[in-house]
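These protein sequences, in sequence, are chains A and B. Per the numbering used here, the very first residue in the first sequence carries number 363; after that it's consecutive. Per the numbering used here, the very first residue in the second sequence carries number 197; after that it's consecutive. Structure first, then comments.
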Amino acid sequence: MKTFDYVRPATVQEAVAVASEPGAAYLAAGTNLLDLMKGAVIRPSRLVDISRLPGLDQIEELSDGSVRVGALVRNADLAHDRTFARRFPAVAEALLSGASAQLRNAATVGGNLMQRTRCAYFYDVASACNKRAPGAGCGARGGENRLHAVLGWSESCIATHPSDFCVPLVAFDAVVEIEGRAGRREIPLEDFHRLPGDAPERESELAPGELIVALRLPAEAARFAPHARYLKVRERTSYAFAVVSAAAALRVENEMIAQARVALGGVAMKPWRARAAEAILSGARPGAALFRRAAEAALAEAKPSGDNGFKIELARRIVARALTLALAGTPARVPALPASPFAAISGDVIHA
Amino acid sequence: MSVSMTLTVNGVRRAITLDDPRVTLLDLLRERLNLTGTKKGCDRGQCGACTVLVEGRRINSCLALALSHDGADVLTIEGVARGDRLHPVQEAFLAHDGLQCGFCTPGQIMSAIGLIGEAQAGDDPERVREGMSGNLCRCAAYQGITEAVLEAQKALAAASRREVA
């Protein structure tokens, strides 16, 4: 690991000032950052420790009914906050399907948005990677790429964004609050992460020094609570990143779908909102054929970036199944195996 | 660059001077404080062998920067027994063969203590397995580990009922 200056600012403004210089990186829990630094994947010259900044660890309801989650709230604390989990059960389920209990105890909300891809060619400094070293080429193209992107990829980068948490968040129109040298601004999460295009090294809309201070979920998102699920295919039962995942939420009135939300994970370099699927579902009578049609619309633009064509049909099936589970109703409690695709439609685990 | 920090480790306050900001909490415990019960398995947050409790919460000490935990309260495997009396989780791991080679065991036990404190799993073995999935065991003692966690949880609950009574 390259050595670095360690600074622990006392205020957000001070943090932004010291992090605006080239080579600086923010440190919250460090669960992804230290891993990347140990592998020399990233080599910051200054760590700005934001873990003790005051006022960023609250979960609060605002006067308009929206919920604001501070950037330093730990993943486990958010998932186990009863009020939050009751209003946004698919978000709690996504959080609990990610990483391990130890990591969820440390990792923060803001850090989750900022985590880097798990592409092996990004991690391996002996491989070519346009994201790590712009212009170097892409080892994943023509390499081991069965887990890579099927949507929104480019010739320069076929990596995926690894977050579970972000998938239901983008479905529910979450907003990211950002503090920078010019003051406070906010961006819809859907516009926060960038697709690779020809500049895969730029992963988000953050300017140098800008800091995520909070996330906001609009009041409307809680109206989906009775029919909201997250579903995630992994290569092992627990403690693995998504091969493909989906968040599905329905607002059901008089046995018809009044409103639907669908988003996908593990398919692109950003959490993927599937608005075409939502349009098909809205106003329609729920059922297997409708869900399949919505799933096909969600993946209409998908194309393999390598040996990963299977992910397209897998994603369609996961969308359809997530919708089926959402229609059946949110379980009273997050299932023992959160987001498991092996759970019966009733929500009970069938492979216990 | 030399930086001073303090840690309370297993109830004892320790003043530490670090000459390098790169030291992880794991390396601080093992190499500066000679507490080698906490193991370095993968050193990348994938195996759980380095699990300790910080402010009562289980975390991977290999992915924690020591400086960032200045002033923290840390519990390691060396601090869980009371003299010669083993912690109920340690007792249960012995009773249920929750180990073979033993390398992952300190992390398993610290993780189990953390899991019981979180009080999310109840008596559901599936929730215990899921809650312990951050601790890998190459000898595959998982069945014994699950049984040990469930029994230790019962023993601790019974002990706390006795204390209340």
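Backbone N, C-alpha and C define an ideal beta-carbon position, used for all residues, glycine too.
- request: Under 6 Å Cβ to Cβ from Lys673 of chain A, same chain only, skipping five residues before and after it: list those, please.
  value: Val512 and Val606
query: Closest Cβ-Cβ distance between Cys274 of chain B and chain A: below 7 Å?
result: A small correction: the amino acid at residue 274 of chain B is Glu; Cys does not occupy that position in the sequence shown. Not one chain A Cβ lies under 7 Å of Glu274 of chain B.
message: Quick check on the DSSP output: the beta strand (DSSP E) that includes Val250 of chain B runs from which residue to which?
response: Thr247 to Val250
- prompt: Going along the stretch 253-283 of chain B in order, which residues come within less than 7 Å of chain A, judged by CB to CB distance?
  reply: Arg253, Arg254, Ile255, Asn256, Leu259, Ala260, Leu261, Leu263 and Ser264
- prompt: For the stretch 204-219 of chain B, which residues have a beta carbon sitting closer than 8 Å to at least one beta carbon of chain A?
  reply: Asp216, Pro217 and Arg218
Counterpart residues of Ile574 of chain A in DSSP-defined beta bridges: A:Ile540
- request: Let me know if Ala714 of chain A comes out buried or exposed under the rule of 16 or more other beta-carbons within 10 Å of its beta-carbon.
  value: For Ala714 of chain A, the pLDDT reaches just 31, beneath the cut-off of 50, and the residue's location in the model is therefore unreliable, leaving the point undetermined.
field: Other residues of its chain near Asp320 of chain B: CB distance less than 8 Å, five sequence neighbours each side excluded
entry: none
message: By alpha-carbon positions, which one of A:Val380, A:Cys519, A:Gly417 and A:Thr365 ends up nearest to Arg218 of chain B?
response: A:Thr365
message: For a contact defined as C-beta to C-beta under 8 Å, what are the partners of Gly330 of chain B on chain A?
response: Ala461, Ser462, Ala463, Gln464, Leu465 and Tyr601
message: I want to see whether chain B comes within less than 7 Å of Gly392 of chain A, judged by CB atoms only; does it?
response: yes
- prompt: Alpha carbon to alpha carbon, what distance is there between Ala461 of chain A and Phe603 of chain A?
  reply: 7 Å
message: Short of 6 Å in beta carbon distance, which residues of its chain neighbour Leu652 of chain A, apart from the five on each side in sequence? Order them along the chain.
response: Ala646
- request: Rank A:Ser459, A:Ala463 and A:Ala468 by C-alpha distance to the C-alpha of Ala608 of chain A and give the top, closest one.
  value: A:Ser459
query: Would you call Leu222 of chain B buried or exposed, if buried means 16 or more other Cβ atoms sit within 10 Å of its Cβ?
result: buried
- request: Return the first residue and the last residue of the beta strand (DSSP E) that Lys400 of chain A is part of.
  value: Counting along the chain, Lys400 of chain A falls outside any beta strand (DSSP E), though it belongs to the alpha helix (DSSP H) covering Leu395 to Lys400.
- prompt: Based on the DSSP secondary-structure assignment, which residues constitute the bridge partners of Arg408 of chain A?
  reply: A:Asp367 and A:Ala386
message: Within a Cβ cutoff of 8 Å, which residues of the same chain sit near Gly668 of chain A, ignoring the five residues on either side of it in sequence?
response: Ala502, Arg503, Gly504, Gly505, Asn507, Arg508, His510 and Ile520
task: Determine the closest residue to Pro406 of chain A out of A:Val369, A:Arg547, A:Pro648 and A:Leu418, with distance taken between C-alpha atoms.
output: A:Val369
task: Given a cut-off of 7 Å, decide if Phe554 of chain A and Val538 of chain A are closer than it, judged by their beta-carbon atoms.
output: yes
message: At a CB distance below 9 Å, what residues from the stretch 405-416 of chain A approach chain B? Give them in sequence order.
response: Leu409, Asp411, Ser413 and Arg414
- request: Let me know if Ala625 of chain A comes out buried or exposed under the rule of 16 or more other beta-carbons within 10 Å of its beta-carbon.
  value: buried
Residues that Pro550 of chain A bridges to, as DSSP identifies them: A:Val537
field: Residues within the stretch 216-248 of chain B neighbouring chain A, beta-carbon criterion of under 8 Å
entry: Asp216, Pro217, Arg218, Thr220, Asp239, Arg240, Gly241, Gly244 and Thr247
message: For Asp397 of chain A, would you say it is in contact with chain B, using Cβ-to-Cβ distances shorter than 7 Å as the test?
response: yes
task: Give the C-beta separation of Gly270 of chain B and Thr204 of chain B to the nearest angstrom, bearing in mind that I take them to be a contact with Cβ-Cβ under 8 Å.
output: Note that residue 270 of chain B is Val in the sequence shown here, rather than Gly. 7 Å between Cβ atoms; contact.
query: Is it true that the CB of Ala698 of chain A sits closer than 7 Å to the CB of Arg323 of chain B?
result: yes
task: Check whether the Cβ of Gly294 of chain B lies closer than 7 Å to any Cβ atom in chain A.
output: no
task: Take Ser525 of chain A as the anchor and find which of A:Arg478, A:Leu661, A:Glu675 and A:Gly514 has the nearest alpha-carbon.
output: A:Arg478
Residue range of the unbroken beta strand (DSSP E) whose run includes Gly627 of chain A: Met618 to Gly627
query: Mind listing which residues of the stretch 427-452 of chain A have their C-beta closer than 9 Å to chain B's C-betas, in chain order?
result: Arg436, Ala438 and His442
- prompt: Taking Cβ-Cβ distances shorter than 8 Å, what residues in chain B pair up with Lys400 of chain A?
  reply: Asp239 and Arg240
- prompt: At least one CB of chain B closer than 7 Å to the CB of Tyr368 of chain A: is that the case?
  reply: yes
message: Please identify, using Cβ separations under 7 Å, the residues of the stretch 317-329 of chain B that lie next to chain A, in order along the chain.
response: Asp320, Glu322, Arg323, Glu326, Gly327 and Ser329
query: Near Arg480 of chain A, which residues of its chain fall below 6 Å by C-beta distance, leaving aside the five closest residues on each side in sequence?
result: Pro524 and Phe603
- request: With 7 Å as the threshold, decide whether the Cβ of Met363 of chain A is near any Cβ in chain B.
  value: yes
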